[in-house]
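In order, the protein sequences belong to chains A and B. For the first sequence, our numbering assigns the number 906 to the initial residue and increments by one for each residue that follows. For the second sequence, our numbering assigns the number 68 to the initial residue and increments by one for each residue that follows. Built from N, CA and C at the ideal position, the CB exists for glycine as well. Predicted model, so just to flag it, every value in this text is computed and none were measured. Structure record follows, encoded as structure tokens.
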Amino acid sequence: MELKILYFGMIADATGCKEEVISLQPGCNTNQLEKILKTKYQTLQNLSFKIVVDQEIASSQSILKATNEIALLPPFSGG
Amino acid sequence: MKKRKTVFIEGPITPSFIANSIEKHQTKTTIGAHNIFLGQVRADEIQGKIVQAIDYSAYTEMAENKFHEIREKTFSNYDLTCMHIYHSLGTVKAGEICLFVFVSAPHRKVTFEALEFLVEEIKKEVPVFGKEIFEDQTHVWKVNK
């Protein structure tokens, strides 16, 4: 399945893009996605971020679906 | 569902925008107390370089939903007459305003409590990201304390 992933702030600096589509095995969870992304982008390994699924902070075991909107969010710094 | 209020403003929030906002409340005569928080961009020194501006970006859809949730939570916790939140996107220079939070109520006490709650929730819950830009155009990413 194909999933759209959004990157923000320092995470977008590390990946060099603001969004991309990634192919994943069906049944993949957020933990597995994180491993795939950290392999693809070595620079992500030293950064702090949260994975958000459909705008909610995801647990590491959440099973991903093709309809989900995934985002990698670095620490917030509004205001 | 109620119409969502616009929170994001491109560029700095100007003093005249803030003055206009205050003026609009002069017809609401049940209000006896306003309280305002203004966030201003600091010219911090980081590793020998001075911050010239912050470039704000956001996960806009999620941020707008979070602002809405925070508004609803604040209205249910505190007896306010009205509440306004504005946050900048894009470039805001040092010394300019990037956050404007405005609460009003019949009496003062609740405005102090509600304003502190609101500003802390915004800092903690809303996915906004500040890129601190130096004079030589290099940058670091801001992290809220």
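Query, Result
"Under the three-state DSSP convention, the category B/H174 falls into", "coil"
"Delimiting residues of the alpha helix (DSSP H) encompassing B/S88", "82-91"
"At least three beta-carbon pairs within less than 8 Å, the stretch 161-179 of chain B to the stretch 941-951 of chain A", "no"
"CB of B/E192 within 8 Å of CB of B/V108, strictly", "no"
"In chain order, each beta strand (DSSP E) run of at least 3 residues that lies wholly inside the stretch 144-189 of chain B", "149-160, 164-172"
"Cα-Cα separation between A/L908 and B/T73, rounded to whole angstroms", "30 Å"
"Interface residues of the stretch 177-193 of chain B facing chain A [CB-CB below 9 Å]", "V186, I189, K190, K191, E192, V193"
"Residues, ordered as in the chain, of the stretch 924-955 of chain A that lie near chain B by beta-carbon distance below 7 Å", "none"
"Other residues of its chain near A/P931: CB distance less than 7 Å, five sequence neighbours each side excluded", "M906"
"A/G914 and B/F169 closer than 8 Å at C-beta", "no"
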